[in-house]
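Colleague: Questions regarding the structure given below will be posed in turn.
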Amino acid sequence: MTETSTVLPVTPGTAHAGGSVETAAAAPGRRPRRRPPRRRSANEKGLRRFLLACLAPAFVLYVVFMIVPTIDVFRMSLFRTSSLSNTSTFIGFENFVLLASDPAFLRAFQNTVLMLVIVTIVTMGSALILAAVMTRQNLPGRNVYRFVLYVPSVLSIVVIAAIFSAVYDQSNGLLNSALGLLGIGQGPVWLGDQGLVMFSIAIAMVWQSVGYYLVLYMASMSAVPEDLYEASSLDGASPARQFLEVTLPMIWPSIRTSLTFFIISSVNLSFVLVRAMTGGGPDGASEVLLSYMYQQAYTNSSYGYGMAIGVVIFVFSFALALIVNRVTKREDVEF
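The C-terminal position of the sequence shown is numbered 535 in this note's numbering, with every residue numbered one higher than the one before it.
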């Protein structure tokens, strides 16, 4: 007698005789399961912790020495501080109203703008021209010239102030002695004449800065492909035209960055030179914004008024950087 066995179709989720359940590969109308996100390996987590550990000290120092003092300056500018009782009285924006009618502040602001314009134009222009000549003309001994011009940028500002104070000395200074040898007679008091003192300080600033930017621009010009100069020469371009149409566009990102950096740093540099060479004299003729702020805050003990000047300097520098970036913005040149 033969037995007849019946084979039943197996549906998804139906158990076999052995108790196992077989699931279809892809059930219609059912979304496939998403794979769980791959967990980060121990190496990735360790690298992230290492980077955070390296960045944390710099971030803390930046907050402590930059953000907190800046906020404190804004806060103190809204108060009047008495130097005798060491008490502060909230006066709102009264310090800023007084600044608008303070002739000494307005003169310091004019001197700062004048210094920035003169020093920036002369320094950047001289550095660009000297770098182009020393890079393209293959001058013999150009490394010696570059070294000599670069040396002032590594000297202390106080040393530079002492050097130029000796050069400008009325009796025994190098400049007046040279004028005497030429038969011009007694030279002027360079640091005591209200009409000459700012230009005398500007010369010291240019001498200190031009070598640094000369080396920077020489490095940028050396990276310009020689093929561009050869092609422009075949088109009959003169060296001056090559400088304007080839060199400047190719190194423009370096010029733009260095220009912003130099303008902002010149605000601080002018303060140090003024304090070391003239102290703001004669009769406030060489006062700049930072030196006037220092005088009000630490000499006259008008801390609130001095901090208001500091706020003006901060806003002025920030706005100037934005304007320079906007004016000098160009499309990058590719080769």
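Even for Gly, the Cβ is constructed at its ideal location relative to N, Cα and C. Values in this document were obtained by computation on a predicted structure and should not be read as measured data.
#1: Inspect the beta-carbon positions of residue 147 and residue 414 and report whether they are closer than 8 Å.
#2: Please work out which residues of its chain come closer than 7 Å, Cβ to Cβ, to residue 335, disregarding the five sequence neighbours upstream and downstream, and give them in chain order.
#3: Using alpha carbons as the reference points, say which of 487, 263, 268 lies closest to residue 471.
#4: Count the other CB atoms within 10 Å of the CB of residue 226; is the residue buried (16 or more) or exposed (fewer)?
#5: Looking at residue 366 and residue 373, is the spacing between their C-beta atoms short of 8 Å?
#6: Checking 8 Å against the spacing of the C-beta atoms, do residue 510 and residue 307 come in under that value?
#7: Is it true that the CB of residue 277 sits closer than 8 Å to the CB of residue 504?
#8: Among the residues of its own chain, which have a CB less than 8 Å from the CB of residue 457, if the five just before and after it don't count?
#9: Straight-line CA distance for residue 261 to residue 337?
#10: Whole alpha helix (DSSP H) runs in the segment 253 to 336 with 4 or more residues, listed along the chain?
#11: Give every residue of the same chain whose Cβ lies closer than 7 Å to the Cβ of residue 309, excluding the five residues on either side of it in the sequence, and list them in chain order.
#12: Roughly how many whole angstroms lie between the Cα atoms of residue 523 and residue 323?
#13: Buried or exposed, going by whether 16 or more other CB atoms sit within 10 Å of the CB of residue 263?
#14: Could you check the C-alpha separation between residue 348 and residue 492 for me, to the nearest Å?
#15: For residue 329, tell me which candidate among 506, 269, 410, 512 has the shortest Cα-Cα distance.
#16: Which of helix, strand or coil does DSSP assign to residue 243?
#17: Would you mind reading off the limits of the alpha helix (DSSP H) that contains residue 364?
#18: Note the first and the last residue of the continuous alpha helix (DSSP H) segment covering residue 509.
#19: So residue 394 packs on residue 482, CB below 8 Å; how close in whole Å?
#20: Is it buried or exposed for residue 447, if we count other Cβ within 10 angstroms and need 16 for buried?
Modeller: In brief:
#1: Missing from the structure shown is residue 147; the chain here goes from 201 to 535 and no further.
#2: As a working mapping, residue 335 is identified with position 135 in the sequence shown. Counting only Cβ-Cβ distances below 7 Å, and skipping sequence neighbours, we find 418, 421, 422.
#3: Residue mapping note: residue 471 aligns to position 271 of the sequence shown, counting from 1. For the residues 487, 263, 268, the minimum Cα distance to residue 471 belongs to 487.
#4: The count along the sequence shown starts at 1 and reaches residue 226 at position 26. No answer about residue 226 holds up, because its pLDDT of 47 lies below 50 and its placement is not dependable.
#5: On the sequence shown, position 173 is the one that residue 373 refers to. On the sequence shown, position 166 is the one that residue 366 refers to. For residue 373 and residue 366, yes; Cβs fall inside 8 Å.
#6: Looking up residue 510 in the sequence shown gives position 310. Looking up residue 307 in the sequence shown gives position 107. Their beta carbons are not under 8 Å apart, which means residue 510 does not touch residue 307 by this criterion.
#7: Counting from one through the sequence shown, the residue named residue 504 turns up at place 304. Counting from one through the sequence shown, the residue named residue 277 turns up at place 77. Yes; because the gap between Cβ atoms is below 8 Å, this pair is in contact.
#8: Taking the first residue of the sequence shown as 1, we reach residue 457 at position 257. Excluding sequence neighbours, residue 457 sits near nothing in its chain.
#9: If you number the sequence shown from 1, residue 261 lands on position 61. If you number the sequence shown from 1, residue 337 lands on position 137. About 47 Å.
#10: 268 to 276, 294 to 300, 303 to 336
#11: Taking the first residue of the sequence shown as 1, we reach residue 309 at position 109. Excluding positions up to five away in sequence, the list reads 489.
#12: Stepping through the sequence shown from its first residue, residue 523 is reached at position 323. Stepping through the sequence shown from its first residue, residue 323 is reached at position 123. Cα to Cα, residue 523 sits roughly 19 Å from residue 323.
#13: Counting from 1 along the sequence shown, the entry for residue 263 is found at position 63. With fewer than 16 Cβ atoms within 10 Å of its Cβ, residue 263 is classed as exposed.
#14: Counting from one through the sequence shown, the residue named residue 348 turns up at place 148. Counting from one through the sequence shown, the residue named residue 492 turns up at place 292. Taking the straight line joining both Cα atoms gives about 34 Å.
#15: As a working mapping, residue 329 is identified with position 129 in the sequence shown. It is 410.
#16: For this step, residue 243 is matched to residue 43 along the sequence shown. Reduced to three states, the DSSP call for residue 243 is helix.
#17: Residue 364 sits at position 164 when you count from the first residue of the sequence shown. First-last of the alpha helix (DSSP H) with residue 364: 357 to 367.
#18: If you number the sequence shown from 1, residue 509 lands on position 309. Unbroken alpha helix (DSSP H) run through residue 509: 503 to 527.
#19: Residue 394 sits at position 194 when you count from the first residue of the sequence shown. Residue 482 sits at position 282 when you count from the first residue of the sequence shown. So it is a contact: roughly 6 Å between Cβ atoms.
#20: Numbered from 1 along the sequence shown, position 247 holds the residue referred to as residue 447. Buried is the call here.
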